[in-house]
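Residue numbers (the UniProt record's numbering): 1 to 98.
Even for Gly, the Cβ is constructed at its ideal location relative to N, Cα and C.
Step one of this worksheet: look at the structure below.
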Amino acid sequence: MASGYGWGGGRSRCFAYWQEFQKCYARADFPTECRPQGDDYLECLHHTKEAARAKAIQDEFIRQAEAKAKEGQKAADILSDGVIVGVGLIQRGQEQSK
């Protein structure tokens, strides 16, 4: 991986991040100074932050879908009790006499 050649013979997708990290590490007095570059390189390799974000989005989508289904279930329970619900197709009262 660090050689810069990928499986297809060209540059690997994370080689630029590796070069950034390597350049910083060569210049730095303390290795901890290069933590952001190392994190970027590892994110490029493993996509941990991207996967966590995708999981959070999926969990929120599922939560919203369950909430909508629960609201729909409440409406279905009201309708199944035999209560007549008007849908506004027939105008009643004063509007009918006009």
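Taking only three categories from DSSP, how would you classify residue i?
i	result
Arg35	helix
Arg13	coil
His46	helix
Phe30	coil
Cβ atoms of residue j and residue i: under 9 Å apart, would you say?
i	j	result
Asp39	Glu20	no
Glu33	Glu43	no
Arg11	Tyr17	no
Name the DSSP beta bridge partners of residue i, please?
i	result
Tyr5	Arg11
Am I right that residue i and residue j are in contact with their C-beta atoms under 8 Å? What's the rounded C-beta distance?
i	j	result
Cys14	Leu45	6 Å
Quick check on the burial criterion: 16 or more other C-beta atoms within 10 angstroms. Buried or exposed for residue i?
i	result
Gln37	buried
Heavy atom of the ligand GTP less than 8 Å from the Cβ of residue i, yes or no?
i	result
Ala28	Only the bare structure without any ligand can be found here, which leaves the ligand GTP out of the picture.
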